Every structure is written in structure tokens, then in C-alpha cells.
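What follows is one structure encoded as C-alpha cells, with my remarks underneath.
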């Protein structure tokens, strides 16, 4: 399995532990990921306005970058990048006149032919690798660890981009079960973390984070596994604000699902970056003798 | 998609085919801030404007393509494209609409390079507006130095200071990228910050420079310096021409 | 909520503009309230999403453009997925934001974000915030 891979800006800085764990897991599972030789920021959010073509240039450039290396499928890890690129590629499919306008605007580039398919890493894990194959690679099962998956918004919504049931997704649960962990069913796993409101309304994020974490805890979760770097920032880093605002709030470790996969697969090395998390997951992982 | 081939002016071609004596006689029409002026062919934009009677108080500097002071925009008659150039490096052609950009009021962060925290988001702290980049590539198109401006802004956005410094290395701070940017980014100041960060925190310290600085502190060159300070102009000139120069 | 309807208001061009930018049919909404029921940001809104739709149907331009609703929307698409009338409400919110931003005013001023905040924020947060909140 060979894929052209688009990392996105945040995977090169704030969420570099997401990228390193993804790459380690991919290597173990035989997924070859070749980073695009040239790429730019995707814009992180898809512009939904019909007349706002300028904000479609960024995703179009990335699809063009993928086209240049002859990729039929473009593998994306960050769920915000996935959503933006997927929605853009669907827009160009549905509205060829818009694509033509943009192709005309980018007169220093080749035309985008609309043939790149955007896929998410979870999709590859489930559909190409298979959950059984993941289970086979587990050498250090996460037995007893109670993990609540958290999907956030942009993996599942809008419907056209979702590769799982938008209201009741199960792909992360399936992976967690394959790793030997207890997957806690939490209804708030598809609720929004507040997203970009974190810049100018962090008190609201403090509330969202508290609600989501308390809901997971009340169902027996000891940690949350997620896949989006912005959800991670809001759920992990903004716990600082929740702590400030609510004296009865207790923190919870937040990990990327790929970090848990790497742990269960017995991958050693400097890929985890546990020290980068606001809530240190190491005491809990030590309790379960995982590190 | 190519809309049209780059507008190669027929006048330029015609002029080149003419004999030198004929060219000397040839005059072209340029439009400075809308008004037509007849100027001899072969002048730079800057000289054409001076020929027409304009005097540069700002917007002119080294006149050799290095200082970036003479950033200019122009449009060829009949073409929709707004071109960018350095006025001291570009030949004025028949049918050029000219003006001069004397100063670009670009955003410039104030910082103490010694005190900056060279982490992965340090450029983003000082210039958060780079997060507004829409990848339209106008900056790269407008760069008279042919730099990949969009790519160094994108590198800065993802925290790759080294790449941002490398790609912006030949920047002459003319500001044309900033004039054209729809996200109001001050690219050239971002590039400068990247190079400063790179020089200060990322690149290895050159040993010869450290040694030379130590020698200077020890006073090794004081005597030679004192000698220069009192030297007369004639001898200074002689010494200047006899200096060590890089072998060509 | 008390809104005075006038002929001039009802004939407002705003609703038309919102429909054009968002590509949605505002008048398809029949006020079932599912959007508001699922909205994670509703506590911070002055008009609930379904109320915003009603206001738009009535052409109450000023009320909606000066409200907090579209700024509190986090573009999570929950409303759009659940709408039985297939209205993409988050696109409507996007249109409202754009109508405001296109008058050359920023909702969030990048240069006004305190430096200690900027130190923490990853670029993913800044990029999407600026895309939604700046012109």
C-alpha cells in the first residue's frame, strides 16, 4: 500500500507526536506514506460560501501537488485537513464551472483534472489494512484501559465526507477493541469541542471541555482517544481553563489513537512526545504497565 | 491554465533590431500617473521618470538592484496585468503606465532577537497574520527577485524556520509582495525574522568569526585602525585599490 | 423576542443575499427546532439557529446581522446533518458572517490577540479562526 501523504502544518509543529506515531504505526502495518514534495496550508476550514472561490485555492493547490506526483489517492491524517480537502475535491467534482474558473486563475499551474481521491488514515486502517490485521500486530494489549473515543465534527460531517456513521461512528472503537482496550461508549463523542472559538472565546471551550470530559468519566473512561489536533488542543490544553473555572473539575489524559496503537504494537523510540501533553498521560500508562 | 503568453512588447523587439544610431533617435511614450511623456528608448523606468522631470526624494536608493527602495508597479497599454519591478532595473518600454511606490507602510513587529524563544511557533507569535494566507501566490508572482515567497510564508506557518530563511535569503525588502497580498501579510519582514532566528539560534556559529571577534576585543587591529583614521585621502585611495579581493 | 415588522423590512435584500451566498433555501425551514436542539454553542447565542432562520424569513436584517449567533457558530455541521429540510445551516451562518466581514470589518483582530495567548495557540486554531472571523 503506497500513498501520497499530506501532513498539514500542525502535524509539523504542535501535533508532531501525532505525525510520528502515525508514521510508526503505518510502517508497522506496511502502509507506505510518501510526503508530498511540495505542499501548503489547506486553510483548515472549508469555505461554504458559493461565491468565495479564493478560499478554495489552497485546497486546490494541494490536490494539484498530489496530481503532480501522479497520486490517485491522497492520504490525510489531520481531520480538519481531511475535511477541507475532501469537501473541496467534492466541490470540484460537482461544480466543474468553479474548477474551471480556478484553473484559469492559477495560470502558472497545470489544470487540476479532478482525479485525486482524498482518504483519511482511519479509512485506510479500517478498509485497506483491516481491523484483524491491526489486532495481529498487538504485542502489548491495553487490557483493562478504559478509553473513550472522541471523533469531533469534521471526520463525520457533513454527510458527504463521512466514512462512518455520522451520528454513531465506531471506527476508533473497533481499533481500540483490537488493541485490547475497553472502548467506552460516550454519546458526546461526536459533539463539537468548540473548534476555532478557542482563539477568542476560550471560556466557552473550558465549558465544552469540562462537559465532554465529565461525560466520558461518568461512563468509566480514564482517558480520551482522538484524532484531530484542534480537538486535542481544546480537550487537552484547555483543561487548564476548565481547572481555573471549576474547582470540582478533574483533568483527564488525552491521547491520539495512533499513540495507543503504537503502544500496543510495542513500538519503542522517540515517537510518543508524552511530555507535550498538558495532562501527563504517563502516570496512567504506568499504572497499566504500558510504559 | 495559460491565459495568454507573457506580453513581449513588439516595441522592445523592434528597438533591438534597430542600429545603435537609430535607437539613439528613438523616443517612446510612457504614461506617468496617467500623463503621457516622450522619453528616449533605453532608459530604466527610474531614469525615464527623471527624464520626464520627476525627482526622487524617496523610492530610490542604490540604483543597482540591491537596496529594494525603488519598488514599482506598471501596466502595459492594452494588457490587464499589473506588473511589478524594480524601477532601476527595468527598461521603460513604449506604452508603459508608470508610478512609483515611495514607501510601504507594512506591519513590522518589534522584538529583541536575543530574548526570542526560538520555538516552532515563534514567527507565528510575532506575525499571526501569516495564518491568513490563502495560497493565492500573488507574492511569488510579484517578486522581482524571483523568490518563492508563498512557499517561505507557508514554511514559516508550519514552523520550518530554516526553510523560510533559506527560501527568503535573496530578499531585498522591496515590499512588492506586501503590496499585492490580499491577506495583508508583511512577507519581507517575516522572511527577515526567519533569517534572524536562523542566524541566531539554528545555524552553527562560524569559528573564524568567533576568533576574529576575540582578536578585535584583544586589540589586535587597534593600531591599524588608528592608522586609517588619520590617513589622507590619496593614501586611503591607494590602500583601497590594493586591498585583498576575492579571486574572480 | 419582540420584533416589529415593517413592509420595508420584509422586503429586505438581506435574505436574498444570504440565499445567494449560501446556496440554501431559507424558506424551506418549517421551524422544527432540531438545529437548535443539537447545537453545541447554543448557550452562547442570543438568537437560536431556528430563530435566526425565522428572522431571515421575515427579512429582519438588522436583528440577525447584529446578533452573536453567527459568530458563536463553530461550523460543526451538526445542524446541517440533522435538518429534515436539508438546509445547510452552517452555510447560512457562513453567509451571514461574510456579509458582515465584507463591509471591511474584522470580528477578530489578529494584532489584538494577547501575546501570551498566541504562544499557546497552534496554527490550526489561528488559521481557521482567521478564515471565519477576519475579512
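Protein chains in written order, with the numbering used here: chain D, 1 to 291; chain U, 1001 to 1248; chain V, 2001 to 2135. C-beta: ideal position from N, C-alpha, C; glycine also. Model, not experiment: these values are computed from the prediction.
| Between the Cα of residue 1131(U) and the Cα atoms of 39(D), 92(D), 67(D), 43(D), which residue gives the shortest distance? | One-based indexing of the second chain puts residue 1131(U) at position 131. The candidate whose alpha carbon is nearest that of residue 1131(U) is 43(D).
| query | Beta carbon of residue 1129(U), beta carbon of residue 1140(U): below 9 Å? | reply | Counting from 1 along the second chain, the entry for residue 1129(U) is found at position 129. Counting from 1 along the second chain, the entry for residue 1140(U) is found at position 140. No, they are not a contact pair.
| message | With a threshold of 6 Å on Cβ separation, who are the neighbours of residue 1144(U) within its own chain once the five nearest residues in sequence on each side are excluded? | response | Taking the second chain and counting its residues from 1, the one referred to as residue 1144(U) is at position 144. If we look at residue 1144(U) and ignore the five residues flanking it on each side, its Cβ neighbours are 1085, 1086.
| request: Establish whether the CB of residue 1033(U) and some CB of chain D are separated by less than 9 Å. | output: Here the question's residue 1033(U) lines up with position 33 in the second chain. No, residue 1033(U) does not count as interfacial toward chain D.
| message | Any beta carbon from chain V within less than 9 Å of residue 1191(U)'s own beta carbon? | response | For this step, residue 1191(U) is matched to residue 191 along the second chain. Interface residue (Cβ-Cβ distance to chain V less than 9 Å): residue 1191(U) is not classified as such.
| In the DSSP assignment, what are the bridge partners of residue 225(D)? | Working through the first chain from its first residue, we reach residue 225(D) at position 225. DSSP, once it has assigned bridges, lists 149(D), 255(D) as partnering residue 225(D).
| query | Using a C-beta to C-beta distance shorter than 7 Å, which residues of chain D count as neighbours of residue 1136(U)? | reply | Taking the first residue of the second chain as 1, we reach residue 1136(U) at position 136. In chain order: 54, 57.
| field | Classification of residue 171(D) by the beta-carbon crowding that lies within 10 angstroms, buried from 16 upward | value | Mapped onto the first chain, residue 171(D) falls at position 171. Under a 10 Å Cβ-count criterion, residue 171(D) is classified as buried, with 16 or more other Cβ atoms of the shown protein chains found around its own Cβ.
| message | Restricting to Cα atoms, I'd like to know which of 60(D), 145(D), 52(D), 71(D) is closest to residue 286(D). | response | In the first chain, counting from the first residue as 1, residue 286(D) sits at position 286. Checked all of 60(D), 145(D), 52(D), 71(D); the closest Cα to residue 286(D) is 145(D).
| request: Helix, strand or coil for residue 1009(U), going by three-state DSSP, please let me know. | output: Position 9 of the second chain, counting from 1, holds the residue named residue 1009(U). Bear in mind that the predicted position of residue 1009(U) carries a pLDDT of just 49, short of 50, making it too unreliable to give a figure here.
| Buried or exposed: residue 1225(U), going by 16 or more other Cβ atoms within 10 Å of its Cβ? | Taking the second chain and counting its residues from 1, one reaches residue 1225(U) at position 225. When all chains shown are included, residue 1225(U) counts as exposed.
| said: I'd like to know if the stretch 224-236 of chain D and the stretch 253-272 of chain D are in contact, where contact means that at least 3 CB-CB pairs between them fall below 8 Å. | reply: yes
| task | Counting only the same chain and skipping the five closest in sequence on each side, list residues whose C-beta sits under 7 Å from that of residue 2005(V). | result | In the third chain, the residue the question calls residue 2005(V) occupies position 5. So the list reads 2058, once near-sequence residues are dropped.
| said: Along the stretch 1135-1157 of chain U, where does the CB come closer than 8 Å to a CB of chain D? Name the residues. | reply: Flagged, chain order: 1135, 1136, 1137, 1141, 1150, 1151, 1154, 1157.
| request: Taking only beta-carbon positions, decide if residue 12(D) is within less than 9 Å of chain U. | output: The residue given as residue 12(D) occupies position 12 in the first chain. Yes, its Cβ sits closer than 9 Å to a Cβ of chain U.
| query | Does DSSP classify residue 1229(U) as helix, strand or coil? | reply | The sequence position of residue 1229(U) within the second chain is 229, counting from 1. Collapsing the DSSP output to three states places residue 1229(U) in a helix.
| query | Would you report the Cα separation of residue 175(D) and residue 134(D), rounded to the nearest angstrom? | reply | Within the first chain, the letter at position 175 stands for residue 175(D). Within the first chain, the letter at position 134 stands for residue 134(D). One C-alpha to the other measures close to 8 Å.
| query | Can you list the residues of chain A that residue 2075(V) reaches, using a CB-CB cut of under 7 Å? | reply | Checking the listed chains, one finds no chain A in this structure; the protein chains it contains are D, U and V.
| Going along chain U in order, which residues have a C-beta closer than 7 Å to the C-beta of residue 61(D)? | For the purposes of this step, residue 61(D) is taken as the residue at position 61 of the first chain. 1135, listed in chain order.
| Rounded to whole angstroms, how far is the Cβ of residue 196(D) from the Cβ of residue 2132(V), which I believe are closer than 8 Å? | On the first chain, position 196 is the one that residue 196(D) refers to. On the third chain, position 132 is the one that residue 2132(V) refers to. The Cβ separation is near 6 Å, so the contact holds.
| query | Grouping DSSP H, G and I as helix and E and B as strand, with all else coil, what is residue 1001(U)? | reply | Within the second chain, the letter at position 1 stands for residue 1001(U). Residue placement at residue 1001(U) cannot be trusted, given a pLDDT of 44 that sits under 50; what the coordinates show is reported in the next sentence. Residue state, collapsed to three classes: coil.
| Is residue 230(D) close to chain U, meaning its C-beta is less than 9 Å from at least one C-beta of that chain? | Here the question's residue 230(D) lines up with position 230 in the first chain. By this cut-off, residue 230(D) is not an interface position.
| request: Return the first residue and the last residue of the beta strand (DSSP E) that residue 1085(U) is part of. | output: Within the second chain, numbered from 1, the residue matching residue 1085(U) stands at position 85. From DSSP, the beta strand (DSSP E) with residue 1085(U) extends over 1082-1086.
| query | Hey, is residue 2129(V)'s beta-carbon within less than 9 Å of any beta-carbon in chain U? | reply | In the third chain, residue 2129(V) corresponds to position 129, counting from 1. Yes, residue 2129(V) lies at the interface with chain U (some Cβ there is under 9 Å from its Cβ).
| Contact list for residue 78(D) against chain U, beta-carbon separation under 9 Å | In the first chain, residue 78(D) corresponds to position 78, counting from 1. Chain U residues near residue 78(D): none, gap ~12 Å exceeds 9 Å.
| said: What does the Cβ neighbour count give for residue 59(D), buried or exposed, with the cut at 16 atoms within 10 Å? | reply: Within the first chain, residue 59(D) is the residue found at index 59, counting from 1. With 16 or more Cβ atoms within 10 Å of its Cβ, residue 59(D) is classed as buried.
| message | Can you check which of these residues, 1040(U), 1221(U), 1161(U), 1097(U), is closest to residue 1079(U) by C-alpha distance? | response | Stepping through the second chain from its first residue, residue 1079(U) is reached at position 79. Here the closest residue by C-alpha is 1097(U).
| task | Could you tell me whether the Cβ of residue 1170(U) comes closer than 9 Å to any Cβ of chain D? | result | Counted from its first residue, the second chain places residue 1170(U) at position 170. Not closer than 9 Å to any Cβ of chain D, the Cβ of residue 1170(U) fails to qualify, so no.
| Roughly how many whole angstroms lie between the Cα atoms of residue 1009(U) and residue 1038(U)? | Start at 1 with the first residue of the second chain, and residue 1009(U) comes out as number 9. Start at 1 with the first residue of the second chain, and residue 1038(U) comes out as number 38. For residue 1009(U), the pLDDT reaches just 49, beneath the cut-off of 50, and the residue's location in the model is therefore unreliable, although a value from the coordinates is still provided. Taking the straight line from one Cα to the other gives about 17 Å.
| Beta-bridge partners of residue 183(D), as assigned by DSSP | Reading the first chain from its first residue, position 183 is the one you call residue 183(D). For residue 183(D), which the question treats as bridged, DSSP gives the partners 147(D).
| request: Determine the closest residue to residue 1089(U) out of 1046(U), 1056(U), 1119(U), with distance taken between C-alpha atoms. | output: Start at 1 with the first residue of the second chain, and residue 1089(U) comes out as number 89. The shortest Cα separation from residue 1089(U) among 1046(U), 1056(U), 1119(U) belongs to 1046(U).
| Using a Cβ-Cβ cut-off of 6 Å (strictly less than) and excluding sequence neighbours within five positions of residue 2096(V), which residues of its own chain qualify? | Indexing the third chain from 1 puts residue 2096(V) at position 96. So the list reads 2070, once near-sequence residues are dropped.
| Can you give the beta carbon distance from residue 233(D) to residue 2122(V), rounded, assuming they're within the 8 Å contact cut? | Against the first chain, residue 233(D) aligns to sequence position 233. Against the third chain, residue 2122(V) aligns to sequence position 122. So it is a contact: roughly 5 Å between Cβ atoms.
| So, does the CB of residue 2115(V) fall closer than 9 Å to a CB anywhere in chain U? | On the third chain, residue 2115(V) is found 115 positions in, with the first residue counted as 1. Closer than 9 Å: yes.
| request: Could you name the residues of chain U that residue 2134(V) contacts, counting a contact when the two beta carbons are closer than 7 Å? | output: Within the third chain, residue 2134(V) is the residue found at index 134, counting from 1. Going along chain U in sequence order, the residues near residue 2134(V) (Cβ under 7 Å) are 1132.
| said: Can you look up residue 126(D) in the DSSP assignment and give me helix, strand or coil? | reply: Counting from 1 along the first chain, the entry for residue 126(D) is found at position 126. Helix, per DSSP.
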